[in-house]
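*Asks:* Structure incoming, see below.
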Amino acid sequence: MSVSPSHPAAVDVAMRFPFVLSVASAAFIEFDGHRYDLDPATQNTPIRLTDQHLRPPPPRLPSVFDIFIGISSYRDGVRCGFTLFTAFSRATHPDRVYVGVVDQVLPTDATCLDEYCKLSTSHWGECKFKDHITIDSHDAAASQGPTIPRHAQQQLIRDEEFCLQLDAHSQLLADWDTKLVKEWVRTDNEMAVLTAYPSGFHMIDENGTYPHLSASHLCDHSKRSGPDDIPFATGILFIEYSERPQLSAFFGAGLSFSKCHAEKRVPVDNYTKWLFFGEESLRSYALWSHGYDLYSPSRHGYMQHPLPEAARRRRADEEKASGNRVRAVLTLPFHGDVDTTGLAWFYNGSVRSIESFLGFHGVSNANASWDQERCHQLHWVPYERPEIVEQLLPGWVQEGLGAHERSNDMQNLVADTLQALRDQWTKDKEH
458 MSVSPSHPAA VDVAMRFPFV LSVASAAFIE FDGHRYDLDP ATQNTPIRLT DQHLRPPPPR
518 LPSVFDIFIG ISSYRDGVRC GFTLFTAFSR ATHPDRVYVG VVDQVLPTDA TCLDEYCKLS
578 TSHWGECKFK DHITIDSHDA AASQGPTIPR HAQQQLIRDE EFCLQLDAHS QLLADWDTKL
638 VKEWVRTDNE MAVLTAYPSG FHMIDENGTY PHLSASHLCD HSKRSGPDDI PFATGILFIE
698 YSERPQLSAF FGAGLSFSKC HAEKRVPVDN YTKWLFFGEE SLRSYALWSH GYDLYSPSRH
758 GYMQHPLPEA ARRRRADEEK ASGNRVRAVL TLPFHGDVDT TGLAWFYNGS VRSIESFLGF
818 HGVSNANASW DQERCHQLHW VPYERPEIVE QLLPGWVQEG LGAHERSNDM QNLVADTLQA
878 LRDQWTKDKE H
């Protein structure tokens, strides 16, 4: 791998955050009666022996950067306003924070901006940072599920470096902005997306901090009765002694933090009306196929309210409306008609294939009994078409010394390793 030292966005990350590569991990997760020991220090090394010299592109961190927060709110003005207030009042650099809200309200509802201004005026004597907030108002009566406003939310991004997607009922903790950026850097991957289901408010102590050594992680599907069932995560598990971001196969809509080029290059599909189940599987695949990798943060800069019960009751209906579109994209069997409008636009990623995604995600499109959880230590999967990411990130090449050349040192290492394995196999046979 190489990064041009003259690239304006590239800095020596190890110099800026010297702790990044020196944290020992004793992390583990317990699931279904099994304990999985995790070693995230090895997660960016591919599991295939012939690929183990490859690494994802290293993070590029400008000396100064802005953060965009995108929020889609459905008749949730009071809590949305509180989310915005914690974003500005608890940021290390609130002047570098910009917010875009798709606010779905009825005429009698409190609006997100009004509720924020109440809190801001009480705290600062004015509606501070109001000019950093863009509101895209919609009639809540015309709402058709979460993906359409999420798509609209992406249109509010300008030239910010980092993008954070939050639920409207969230709370950010002290110095959340610098903490999230440091977490992102610790993935050692420019294409990293920090994502998870954040923990609840009840896990914050009386000082407004998160005192726990664990962090939430998504790693298992709901049990499917057949290959046409749409996969979705079962819910939060916790990594104990979590010290580094953990590679994951699952996208969680409650938290997404990445470079904004991820949001701009991979738009949310707004032809999925009333889709809730399946939204995150589609997002996982769309990001994966464009070369992005998902990581659960080791520590979050905020907590989240539990999902409202009314939204849970809507899930079954939301899934039915756009289910066949999800199945078509994920190559799952389906019956009946499917709306193919815009499929080539929303799912045109070819950095990695759908077959590669299903294998990494642990989902079979032939037999649901072959599905596998993903709670063990995962490993980075190299790009099948690295030239697409190389074009996005001038100066970086997957192979290291050239666009499609392998380092002689790594060739020798691979050859030596293979020979050592052959010698061991021969020795074992003799005994």
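Counting in my numbering, the sequence shown runs without a single skipped number right up to 888 at its last residue.
Each residue gets a CB set at the ideal place from its N, CA and C atoms; glycine is no exception.
As the structure is a prediction and not an experimental result, all values here were calculated from the model.
#1: Please determine, among R681, N805, F714, A743, the residue with the shortest C-alpha to C-alpha distance to E830.
#2: Taking G665 and Q611 to be in contact with their CB atoms under 8 Å, please state how far apart those CB atoms are, rounded to whole angstroms.
#3: Quick check on the burial criterion: 16 or more other C-beta atoms within 10 angstroms. Buried or exposed for P851?
#4: What ranges does the beta strand (DSSP E) occupy inside the stretch 706-732, keeping only unbroken runs of at least 3 residues that lie completely in it?
#5: Below 8 Å CB to CB, which residues in the same chain sit around S821 once its five sequence neighbours on both sides are set aside?
#6: Taking only the alpha-carbon atoms, compute the straight-line gap between A625 and H833 and give it to the nearest angstrom.
#7: Can you tell me whether DSSP reads R505 as helix, strand or coil?
#8: So what's G657 in DSSP terms, helix, strand or just coil?
#9: Can you grab the Cα-Cα spacing for the pair E856 / E847, in whole Å?
#10: Give me, in chain order, the residues of the same chain whose beta-carbon lies closer than 8 Å to that of F695; leave out the 5 immediate sequence neighbours on both sides.
#11: Look at the alpha carbon of H550 and the alpha carbon of D634, and state the distance between them as a whole number of angstroms.
#12: Measure from the alpha carbon of Q622 to the alpha carbon of each residue in A710, Y493, R517, T499, then state which is nearest.
#13: Quick check on the DSSP output: the alpha helix (DSSP H) that includes V642 runs from which residue to which?
#14: Give the DSSP bridge partners of A672, in chain order.
#15: Could you check the C-alpha separation between H510 and T502 for me, to the nearest Å?
#16: Per DSSP, D750 is paired with what?
#17: When the Cα atoms are used, what is the spatial distance from T644 to W581?
#18: Which of the three DSSP states is assigned to E487 in this structure?
#19: Could you check the C-alpha separation between E812 and L787 for me, to the nearest Å?
#20: Cα separation between G729 and I605?
#21: Take F733 as the anchor and find which of Y749, A690, H669, G748 has the nearest alpha-carbon.
#22: Which residue spans inside the stretch 782-852 form an unbroken alpha helix (DSSP H) run of at least 4?
#23: Our contact map puts G748 next to I614 with C-beta atoms below 8 Å; I'd like the distance itself, whole angstroms only.
#24: Determine the extent of the beta strand (DSSP E) in which F522 is found, giving its start and end residues.
#25: If I'm right that S705 touches Y752 with Cβ under 8 Å, what's the distance once you round it to whole angstroms?
#26: Given this structure, state the Cα-to-Cα distance separating Q629 from T543, to the nearest angstrom.
#27: Tell me where the beta strand (DSSP E) around C620 begins and ends.
#28: Starting from I592, follow the beta strand (DSSP E) in both directions and report where the run begins and ends.
#29: Which residues in the same chain as A768 place their Cβ atom closer than 8 Å to its Cβ, once the five residues preceding and following it in sequence are excluded?
#30: Exposed or buried, what is T798 when buried is set at 16 or more other beta-carbons lying within 10 Å of its beta-carbon?
*Replies:* Quick answer:
#1: Looking at the Cα atoms, R681 is the closest of the given residues.
#2: Not really, about 31 Å apart at Cβ, beyond 8 Å.
#3: Label assigned to P851: exposed.
#4: As summarised for the stretch 706-732, the continuous beta strand (DSSP E) elements at least 3 residues long and confined to that stretch are 712-716, given in chain order.
#5: Closer than 8 Å at Cβ, skipping near neighbours: P684, L815, W827, D828.
#6: When rounded, the separation of the alpha-carbon atoms in A625 and H833 is 32 Å.
#7: If DSSP states are grouped into helix, strand and coil, R505 belongs with coil.
#8: Reduced to three states, the DSSP call for G657 is strand.
#9: Cα to Cα, E856 sits roughly 10 Å from E847.
#10: Only I486, S671, A672, S673, H674 meet the Cβ criterion.
#11: Straight-line measurement puts the Cα of D634 at about 7 Å from the Cα of H550.
#12: Considering only alpha carbons, the answer is A710.
#13: It spans 633-642 - the alpha helix (DSSP H) in which V642 sits, taken as one unbroken run.
#14: DSSP output for A672 lists I696 as bridge partner(s).
#15: Counting only the Cα atoms, T502 lies some 7 Å from H510.
#16: Answer is A649.
#17: Approximately 36 Å, taken between the alpha carbons.
#18: It is a strand residue.
#19: If I take the Cα positions, the gap works out to 9 Å.
#20: One detail in the question is off: residue 729 reads as Thr in this sequence, not Gly. One C-alpha to the other measures close to 7 Å.
#21: That would be A690, whose Cα lies nearest to the Cα of F733.
#22: Whole alpha helix (DSSP H) segments, 4+ residues: 800-803, 811-818, 843-849.
#23: Rounded, the Cβ-Cβ distance is 19 Å, inconsistent with contact.
#24: Premise fails: F522 is in no beta strand (DSSP E) and is neither H nor E.
#25: That belief holds up - the Cβ atoms of S705 and Y752 are roughly 6 Å apart, short of 8 Å.
#26: The residue asked about is misnamed: residue 629 is Leu in this sequence, not Gln. Taking the straight line from one Cα to the other gives about 5 Å.
#27: Element bounds for C620: 619-624.
#28: Membership of I592 in the beta strand (DSSP E) is indicated by the continuous run 590-596.
#29: With a pLDDT of 46 at A768, under the threshold of 50, the modelled position of that residue is not reliable, and no figure is offered here.
#30: The residue is exposed, with fewer than 16 neighbouring Cβ atoms inside 10 Å.
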